[in-house]
Amino acid sequence: MTDQQTNGAAAEDNSPQFSLQRIYVRDLSFEAPKSPQIFRQQWEPSVALDLNTKQKALEGDFHEVVLTLSVTVKNGDEVAFIAEVQQAGIFLIANLDASSMSHTLGAFCPNILFPYARETLDSLVTRGSFPALMLSPVNFDALYAQELQRMQEAGETPTVQ
């Protein structure tokens with residue numbers, strides 16, 4: 000191997016790397032506390048969505064990102080159903096600076112996981128005999144920017160676990 004080839008190989012080793020290794024459901028739950036009575040009522044739902052992400056470093060350059068979607072649907076004052084999914088992924092991420100790593104784990108990875116979580120929730124809800132739950136897309140970049148601003152105002156520093 001020539002010096003130029005060796006230097007080229009070393010430069011490649013330091014280039015940013017991103018690879019999705021696995022997507023899986025970490026936790027899944029569904030409750031319909033008012034069934035079967037809820038099916039006999041006029042359907043006028045109100046939907047509340049709670050969204051959360053967390054990440055942790057695994058061995059080497061592997062990271063787990065977990066996107067949690069919790070949906071509570073009420074029909075009038077009664078809870079029709081509560082559904083929650085923790086959609087997780089294992090990602091190989093290497094050679095990123097701290098800021099890029101934080102953005103990748105906090106926005107890019109959840110953006111990849113969201114369609115899977117949305118489909119899982121929709122399937123779960125229809126299996127519970129409720130109308131399809133089609134959640135709107137989420138702008139994880141905007142959510143990440145809001146969280147960074149909140150942390151800066153509070154004097155906190157973003158960390159990658």
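The numbers in numbering that gives the first Met the number 0 rise by one with no breaks, and the one at position 100 of the sequence shown is 99. Using N, Cα and C, we set each Cβ at its ideal position, and we do this for glycine too.
Alpha carbon of residue i to alpha carbon of residue j, nearest angstrom
| i | j | result |
| --- | --- | --- |
| Gly105 | Ala141 | 11 angstroms |
| Val46 | Ser14 | 44 angstroms |
| Ile92 | Leu48 | 29 angstroms |
| Leu68 | Glu83 | 6 angstroms |
| Ser99 | Gly154 | 20 angstroms |
| Val168 | Ile81 | Residue 168 lies beyond the residue range present for the chain, which begins at 0 and ends at 160; the question has no answer from this structure. |
| Ser122 | Ala131 | 8 angstroms |
| Gln145 | Glu152 | 11 angstroms |
| Leu57 | Val72 | 35 angstroms |
| Leu147 | Ser101 | 10 angstroms |
| Leu95 | Thr103 | 9 angstroms |
| Thr119 | Ala79 | 18 angstroms |
| Pro35 | Ser28 | 18 angstroms |
| Arg39 | Asn74 | 11 angstroms |
| Gln54 | Asp12 | 25 angstroms |
7 angstroms Cβ shell around residue i - same chain, five flanking residues per side excluded
| i | result |
| --- | --- |
| Val137 | Leu50, Phe113 |
6 angstroms Cβ shell around residue i - same chain, five flanking residues per side excluded
| i | result |
| --- | --- |
| Arg163 | The first residue shown for the chain is 0 and the last is 160, placing residue 163 beyond what the model contains. |
| Pro109 | Thr52, Leu66, Phe139 |
| Asp26 | Gln85 |
| Ala31 | Phe80, Gly127 |
Backbone secondary structure at residue i - three-state DSSP
| i | result |
| --- | --- |
| Phe38 | helix |
| Asp76 | coil |
| Ala144 | helix |
Same chain only: Cβ atoms within 8 angstroms of residue i, ignoring 5 sequence neighbours per side
| i | result |
| --- | --- |
| Ala87 | Ile22, Tyr23, Val24, Arg25, Glu63, Val64, Val65, Leu66, Leu112 |
| Gln16 | Asp60, Leu91, Ile92, Ala93, Asn94 |
| Phe129 | Ala31, Val72, Ala79, Phe80 |
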